[in-house]
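Visitor: When we follow my numbering, the leftmost residue of the sequence shown carries the number 94, and every step to the right adds one.
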Amino acid sequence: MGLSEKDYAHLVNALLPRGLIWNRKKGGVLDSILFSLSSEAARVDARARALIEESDPRTSVEELERWFSDHGIPSECVAAIADPSLEQMRQELIAKITSNSGLTAKYFEELAGVLGYSAKVTTYEEHHVEHDVEMPLSDEKWIPVFTLGITIDSDSGFDEFTTEWDAEQPLARWGNSLLECLIRALAPAHVEVIFIYQ
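#1: Helix, strand or coil for Glu285? Go by DSSP, reduced to three states.
#2: Return the CA-CA distance between Pro110 and Arg117, expressed in angstroms with no decimal places.
#3: Measuring straight from C-alpha to C-alpha, what distance separates Gln184 and Ala102?
#4: Nearest CA to the CA of Ile276: which residue from Leu157, Ala198, Glu257, Asn106?
#5: Could you spell out the range, first to last residue, of the beta strand (DSSP E) harbouring Ser211?
#6: For the alpha helix (DSSP H) containing Ile291, list its first residue and its last residue.
#7: With a cut-off of 8 Å on the beta carbons, I'd call Tyr210 and Leu272 a contact; round off their distance for me.
#8: Would DSSP call Ile293 helix, strand or coil?
#9: Between Gly112, Leu123, Arg136, Ser162, which lies nearest to Glu98 when the distance is taken from Cα to Cα?
#10: What does the alpha-carbon distance come out to for the pair Ala203 and Ser125?
#11: Only counting the same chain, and skipping five residues up and downstream in sequence, which positions put a Cβ closer than 7 Å to that of Ser132?
#12: Between Gly95 and Asp138, how many whole angstroms is the CB-CB distance? I'm expecting something under 8 Å.
#13: Quick one: give me the first and last residue of the alpha helix (DSSP H) that Thr152 is part of.
#14: Put Asn269 into one of helix, strand or coil per three-state DSSP.
#15: Using three-state DSSP, classify Arg136 as helix, strand or coil.
#16: Looking at C-alpha atoms only, which residue of Leu279, Ala143, Ser153, Thr256 is the closest neighbour of Cys300?
#17: I need the DSSP call for Asn106, collapsed to helix, strand or coil.
#18: Check Asp225 in the structure and name its three-state DSSP category.
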């Protein structure tokens with residue numbers, strides 16, 4: 094919490110030399126000078142506190158456009174959304190800044206967490222005779238080098254077919270296009286990403 098104009102007026106008064114010449118009368122010249130000094134100091138103090146808020150993209154307001162410009166926001170992922178909201182662009186910015194580009198399962202789970210989703214990454218391996226009978230059947234295409242399964246707990250982003258949809262529309266649509274686009278953009282080129290919503 095910063096100092097107010099009253100606090101600065103008290104501090105400035107305390108710094109004045111003692112003596113009859115420094116007698117302060119309300120509305121006098123000295124009073125006006127001290128008022129100007131304390132109000133300017135309080136204004137600078139408030140702006141300094143605002144600068145701390147602007148240095149964090151989660152709370153930035155005035156400098157948010159500069160944050161976007163510095164980090165290439167909106168990216169193709171966000172730009173693909175018709176008229177992305179400020180909050181969607183802020184989410185992408187925070188995801189970009191907080192990512193350590195480790196490209197591990199934990200990294201993708203944390204990225205989903207930044208965007209507000211709980212996710213679990215699964216890697217697959219080729220099925221062989223030593224596996225338990227309950228293991229899913231998968232061939233060499235499912236080895237960890239190629240496939241990354243991301244299970245996302247989400248109750249949003251699901252639309253069922255209605256009579257107002259065209260005949261060419263799917264029976265259902267689900268998923269979060271921003272989340273999927275970001276993960277696909279950051280996944281290594283040789284990895285196939287499968288999204289599972291539950």
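Using N, Cα and C, we set each Cβ at its ideal position, and we do this for glycine too.
Guide: In short:
#1: strand
#2: 12 Å
#3: 42 Å
#4: Ala198
#5: 211 to 216
#6: A quick correction: the sequence has Gln, not Ile, at residue 291. Note, Gln291: premise wrong, no alpha helix (DSSP H); not H, not E.
#7: 6 Å
#8: Any property of residue 293 remains undetermined from this structure, which presents the chain solely from 94 to 291.
#9: Arg136
#10: With the sequence shown as reference, residue 203 is identified as Glu, and Ala is not the correct amino acid for it. Going from the Cα of Glu203 to the Cα of Ser125 covers about 56 Å.
#11: Glu98
#12: 4 Å
#13: Note, Thr152: premise wrong, no alpha helix (DSSP H); not H, not E.
#14: coil
#15: helix
#16: As shown, the chain starts at 94 and ends at 291. That puts residue 300 outside it, with no answer to give.
#17: helix
#18: coil
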